[in-house]
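A short write-up of the structure that comes next.
Residue numbers (our numbering): 3 to 562.
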């Protein structure tokens, strides 16, 4: 009954709405857009209570945290598939299924085997696992041991545009690199985001023949994420998708000696080496470059518990109505997985992931429901993808762009929704990455009409643009945005900044990210309606989104 009613309303209002909307988008005075009363029923089809209903199912204890590679994730995938079928979405597979099955190598550390010792002359110092260092399972040999000299390489970055090369004048082949987390504070937000990537640093190190990386967390990173926040994840599985040669994609098997050290671990390393750690931090915080041989060596060993597992992206689409544009695709993404069962607070070990990311999946399901019954359909085709293994390092989206069901050049843009915090009547939104492309104007137009403020990223130091699935698309040259609910509350008695800060500090990746957290239907509706409208603009404009001229990411990744 609900679907029939929605369909009749869409038929009545959509054509008038979209024609008026697109005409208004071409008006140079976009702040004075007027759409008329006929637009309101279309947007009112998006209901916060419907998003909440999806959350109630996906973040229930029965789903047990939806960890990729488990039956619990598969149950969540089945739920999304059933909704896609109910909406009448089309499959991208010849067998009419909605899954893109992925083989993964899963690896977890055998925590009893982790060893890390330092050596200088006749002195040996054993670092204490969990207190001084942590590490994860590897994707190479099951049993690994490496002994090698240690070299300090600053941030471990080569950035030609800044004339910054931490490897200049120093030989690192067959050595263990000691490097700072993040990137120099003098880098712009974009470059700092890109060069902070641990995966990117690993690839640079491997290209130069290094055999290990020891990461020192800078004081800024230590303040942002206390050491204790890392410990519950120790021993949890990591995953890499397997390519056609049965090799883990970017498994970095060459780096046998990897670890992250705490402040106490860093002090032991630099104390034995004879260098002042505080001075090292300060020097590099001020933009200095100073790599050097440390005159000490390290031995690291571990055993990994490995197995092959399967998980799947869930993918459906609405075919476009324009004969010339229907072979171009906009893709909405949200990750379906969370971190499963780990030691939690007060004996609650199920990490439900209500906002991370049942809320994101609920949002794209509600958008898919609306778009699927529009008549006529948007001009371009629109894909909806619930991707797996985001929590394992953007694995599902990485697999999608490397094994796309359509030619990659036919993907025009990505709208990613990951962990929108909707616990208060949020009145603004952020769109990480929008400033890099023409998507910025589309976000501004959509949010302006809905009445949501479009505010800049309040925490650029968190480099969140590279930390979710949209970055997989960016690396293939596809303009993308990550939509987030903001910090401004329509209720003056609620401090939205404090609400979001409380969630990030006390509930993010904790068992308390569950259905007991507050939820605002009003804020959800404003956020999801803006996301819907953004997609319609992209799908119906004559020209596809383009990178801004001279943009860092556009120049680095644009398809040639």
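Each residue gets a CB set at the ideal place from its N, CA and C atoms; glycine is no exception.
Just curious, the alpha helix (DSSP H) that residue i is in, first and last residue?
i: residue 79; result: 73 to 89
i: residue 519; result: That residue, residue 519, is in no alpha helix (DSSP H); it is neither H nor E in DSSP.
i: residue 279; result: 279 to 287
i: residue 444; result: 441 to 452
i: residue 356; result: From DSSP, residue 356 is part of no alpha helix (DSSP H); its letter is neither H nor E.
i: residue 193; result: 191 to 197
i: residue 461; result: Here residue 461 belongs to no alpha helix (DSSP H), and DSSP marks it neither H nor E.
i: residue 501; result: 498 to 508
i: residue 59; result: 50 to 60
i: residue 475; result: 472 to 476
i: residue 268; result: 265 to 275
List the whole-angstrom C-beta distance separating residue i from residue j, where the pair is believed to meet the contact cut-off of C-beta under 8 Å.
i: residue 150; j: residue 259; result: 7 Å
i: residue 1; j: residue 160; result: This structure does not reach residue 1, given that the chain is present from 3 up to 562, and the question cannot be answered.
i: residue 332; j: residue 384; result: 5 Å
i: residue 390; j: residue 471; result: Rounded, the Cβ-Cβ distance is 10 Å, inconsistent with contact.
i: residue 421; j: residue 357; result: 5 Å
i: residue 452; j: residue 334; result: The pair is not a contact, with the Cβ atoms about 17 Å apart (cut-off 8 Å).
i: residue 287; j: residue 530; result: Between residue 530 and residue 287 the Cβ distance is about 41 Å, and since that is not below 8 Å, they are no contact.
i: residue 336; j: residue 366; result: 5 Å
i: residue 243; j: residue 55; result: That belief does not hold up - the Cβ atoms of residue 243 and residue 55 are roughly 32 Å apart, past 8 Å.
i: residue 344; j: residue 234; result: 5 Å
i: residue 364; j: residue 57; result: 5 Å
i: residue 379; j: residue 320; result: 6 Å
Using 10 angstroms around the beta-carbon of residue i, count the other beta-carbons present and answer buried if the total reaches 16, otherwise exposed.
i: residue 195; result: buried
i: residue 543; result: buried
i: residue 132; result: exposed
i: residue 108; result: buried
i: residue 309; result: exposed
i: residue 549; result: buried
i: residue 545; result: exposed
i: residue 507; result: exposed
i: residue 68; result: buried
i: residue 499; result: exposed
i: residue 114; result: exposed
i: residue 458; result: exposed
i: residue 411; result: exposed
i: residue 64; result: exposed
i: residue 326; result: exposed
i: residue 562; result: The pLDDT assigned to residue 562 is 46, lower than 50, so where the model puts this residue is not dependable; a value taken from the coordinates is nonetheless given after this. So residue 562 counts as exposed.
i: residue 34; result: With a pLDDT of only 35 at residue 34, under the threshold of 50, the placement of this residue in the model should not be trusted; the figure read from the coordinates follows. Looking at its Cβ environment, which holds fewer than 16 other Cβ atoms inside 10 Å, residue 34 is exposed.
i: residue 281; result: exposed
i: residue 3; result: Low per-residue confidence applies at residue 3: pLDDT is 46, beneath 50, and the placement is therefore not dependable enough to give any value.
i: residue 175; result: exposed
i: residue 330; result: buried
i: residue 312; result: exposed
i: residue 39; result: Note that residue 39 scores a pLDDT of 45, beneath 50, so its modelled location is shaky; the value from the coordinates is reported in the next line. The residue is exposed, with fewer than 16 neighbouring Cβ atoms inside 10 Å.
i: residue 75; result: buried
i: residue 205; result: exposed
i: residue 539; result: buried
i: residue 29; result: The predicted position of residue 29 is uncertain, since its pLDDT is 47 and thus under 50; a value taken from the coordinates is nonetheless stated next. Classification of residue 29: exposed, given that the 10 Å Cβ count is below 16.
i: residue 215; result: buried
Name the two residues that bound the continuous beta strand (DSSP E) containing residue i.
i: residue 334; result: 331 to 337
i: residue 242; result: 240 to 243
i: residue 312; result: 294 to 320
i: residue 257; result: From DSSP, residue 257 is part of no beta strand (DSSP E); its letter is neither H nor E.
i: residue 105; result: 101 to 111
i: residue 557; result: Careful: residue 557 lies outside any beta strand (DSSP E), inside the alpha helix (DSSP H) at 554 to 559.
i: residue 94; result: Premise fails: residue 94 is in no beta strand (DSSP E) and is neither H nor E.
i: residue 483; result: 482 to 487
i: residue 182; result: 178 to 182
i: residue 434; result: 430 to 434
Sorry if obvious, but does the Cβ on residue i come closer than 6 Å to a heavy atom of the ligand MN?
i: residue 229; result: The model depicted lacks the ligand MN and carries no ligand whatsoever.
Three or more C-beta pairs closer than 8 Å, one from the region 227 to 244 and one from the region 189 to 200: is that the case here? Fewer than three pairs of CB atoms, one per stretch, sit closer than 8 Å, so the region 227 to 244 makes no contact with the region 189 to 200.
Residue ranges of each beta strand (DSSP E) within the region 363 to 421, 3 or longer: Within the region 363 to 421, the runs of beta strand (DSSP E) that reach at least 3 residues and sit entirely inside it are, in chain order, 383 to 389, 413 to 419.
Contact between the region 90 to 102 and the region 314 to 327: three or more CB pairs below 8 Å? Taking one beta carbon from each stretch, the region 90 to 102 and the region 314 to 327 have 3 or more pairs nearer than 8 Å; the two touch.
Count the C-beta pairs between the region 433 to 449 and the region 506 to 522 that are closer than 8 Å, then say yes if the count reaches three, no if not. Counting C-beta pairs closer than 8 Å gives fewer than three between the region 433 to 449 and the region 506 to 522, which falls short of the contact rule.
Tell me, please, whether the region 526 to 537 touches the region 442 to 452 by the rule of three or more beta-carbon pairs shorter than 8 Å. Yes, the region 526 to 537 is in contact with the region 442 to 452.
With contact counted as at least three CB pairs below 8 Å, one residue from each stretch, are the region 143 to 158 and the region 292 to 301 in contact? Contact annotation: the region 143 to 158 touches the region 292 to 301, with at least three C-beta pairs closer than 8 Å.
So does the region 207 to 224 actually touch the region 487 to 500, counting three or more Cβ pairs closer than 8 Å? The region 207 to 224 vs the region 487 to 500: no contact.
The region 271 to 281 in contact with the region 350 to 363 per 3-pair CB rule at 8 Å: Result no; under three Cβ-Cβ pairs closer than 8 Å.
At 4 residues or longer, and completely inside the region 203 to 234: list those alpha helix (DSSP H) runs for me, N to C. If one requires a minimum length of 4 residues, the alpha helix (DSSP H) runs lying completely within the region 203 to 234 are 221 to 226, in chain order.
Could you pull out every unbroken alpha helix (DSSP H) segment of at least 4 residues lying fully inside the region 105 to 153, listed in chain order? Runs of the alpha helix (DSSP H) inside the region 105 to 153: none found.
Three or more beta-carbon pairs under 8 Å between the region 300 to 307 and the region 115 to 132, yes or no? At 8 Å Cβ cutoff, the stretches touch.
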